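Residue numbers (this note's numbering): 1 to 425.
For each residue, glycine too, the CB sits at the ideal point set by N, CA and C.
These numbers were taken from a predicted model, which means no experiment stands behind them.
Below is one structure, written out as structure tokens; the observations come after it.
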Ligand SMILES: [Zn+2]
């Protein structure tokens, strides 16, 4: 419905300083794939995507129509053309209509005067500036979604990226594979970043062709899960990590890297099980270490309250390539405040709801809320609460633009911050 907003509560708690005084803790696994329906009767659709593509309007050597046709004829339904400092848009200017191709075209631009960054879902022309702050604030202001491109090319430390991800909720993730496996430091950096950000701030992994010539085609792809294919559902999938990614050195144009059929988390057992095809090995990795192999991993075997690295991810190897899941957050949470609902979103001590244009936060048993405000990404208060009690706080959101916000306040006197995203439907 027009003007109806819905709130996507992104998993990324920017930081949680809530320490709970109870001693009974339970191990929980935060599953980015939890909402996906895998069964055949109501299964979500899966779509192949490339989010980093050049044409001869920057330094690529193929014309726009030839680029679109190549991806279309090889089964891609989602494509973003990301020329350097140039938004090649709309496709109809170049004689291609995404609607008649059954594709979703995502407007894009690779900002290239800083650590290269893909800006998607907006049509910012040219190059907004030469500092990360200027460029990223411009992306925030235009409600874009961003991907850090080939971080392995640069000498920035992992902490530099950690700071970016904690500052900018619109940053979805990084390229873990780029143009084949051009910069192996990409995936080394991914783990280095996840070690610091998980489980509070997931950083999703991407595999992108960074296509400049035909030799770069189809070696890297992302498989997104959506209930139905729309620009909004793609964006949601990218924010929630509802996709896996593949590196296929031969670039067949098919999906010859291992293909994942389902990913299930048993919350009682704290185990993760993957069902997949075309693989010979399945490894479970945390930090730089392979913890286990096989279709099921029991997280309780490897994680204790003292474990410092709080995520696990899977890598599947087949004869034609490799497939990677997103990271699963792993943490110990107090049993007495974890209801089924809070359990889902790492909402320690509270849950956040959106209903009838009103954002509300509700306290769990034994928890008191205070001093809550809604901030925009630049740190300005944009909605004051109408406090009902220390158990429930409401915010009006009808006057707010689409975009990322921070909900900040005190839970039992301890600071609590989480990211929320308002989108139009
Ligand atoms: Zn590029």
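Between the CA atoms of residue j and residue i - distance to the nearest angstrom
i           : j           : result
residue 60  : residue 119 : 18 Å
residue 156 : residue 409 : 32 Å
residue 251 : residue 320 : 9 Å
residue 125 : residue 109 : 8 Å
residue 192 : residue 97  : 41 Å
residue 387 : residue 178 : 48 Å
residue 99  : residue 220 : 24 Å
residue 194 : residue 326 : 11 Å
residue 42  : residue 226 : 12 Å
residue 314 : residue 299 : 12 Å
residue 27  : residue 241 : 21 Å
residue 229 : residue 55  : 25 Å
residue 224 : residue 75  : 13 Å
residue 234 : residue 148 : 18 Å
residue 243 : residue 58  : 29 Å
residue 174 : residue 181 : 14 Å
residue 270 : residue 385 : 37 Å
residue 142 : residue 123 : 9 Å
residue 304 : residue 406 : 30 Å
residue 70  : residue 376 : 40 Å
residue 288 : residue 114 : 28 Å
residue 239 : residue 317 : 26 Å
residue 101 : residue 372 : 47 Å
residue 207 : residue 247 : 7 Å
residue 379 : residue 253 : 44 Å
residue 310 : residue 262 : 23 Å
residue 414 : residue 394 : 19 Å
Burial state of residue i (16 or more Cβ within 10 Å)
i           : result
residue 20  : Note that residue 20 has pLDDT 35, beneath the 50 cutoff, so the model's placement of it is unreliable and no number is given.
residue 222 : buried
residue 53  : buried
residue 381 : exposed
residue 295 : exposed
residue 359 : buried
residue 427 : In the structure as shown, the chain starts at 1 and stops at 425, and residue 427 therefore has no counterpart that could be examined.
residue 65  : exposed
residue 290 : exposed
residue 347 : Residue placement at residue 347 is poorly supported in this model, since its pLDDT is 39, which falls under 50; the coordinates are not used for a value here.
residue 133 : exposed
residue 412 : buried
residue 322 : buried
residue 389 : exposed
residue 374 : buried
residue 236 : buried
residue 200 : buried
residue 401 : exposed
residue 215 : exposed
residue 210 : buried
residue 30  : buried
residue 398 : exposed
residue 117 : buried
residue 463 : The chain is shown from 1 up to 425; residue 463 falls before or after that span and cannot be answered.
Any non-hydrogen atom of ligand 1 closer than 7 Å to residue i Cβ
i           : result
residue 110 : yes
residue 82  : yes
residue 216 : no
residue 210 : yes
residue 401 : no
residue 54  : yes
residue 47  : no
residue 373 : no
residue 394 : no
residue 149 : yes
residue 255 : no
Residue i: first and last residue of the uninterrupted alpha helix (DSSP H) it sits in
i           : result
residue 226 : No alpha helix (DSSP H) contains residue 226, which is instead part of the beta strand (DSSP E) from 220–226.
residue 187 : 185–197
residue 267 : Taken as a continuous stretch (DSSP letters only), residue 267 belongs to no alpha helix (DSSP H), as it is neither H nor E.
residue 132 : 132–141
residue 125 : First-last for residue 125: undefined, no H or E at that position.
residue 231 : 231–240
residue 147 : From DSSP, residue 147 is part of no alpha helix (DSSP H) but of the beta strand (DSSP E) over 145–148.
residue 298 : Where residue 298 is concerned, there is no enclosing alpha helix (DSSP H), although the beta strand (DSSP E) it sits in stretches over 296–298.
residue 66  : 64–73
Delimiting residues of the beta strand (DSSP E) encompassing residue i
i           : result
residue 369 : 369–376
residue 178 : 171–178
residue 386 : 385–387
residue 326 : Here residue 326 belongs to no beta strand (DSSP E), and DSSP marks it neither H nor E.
residue 50  : 45–50
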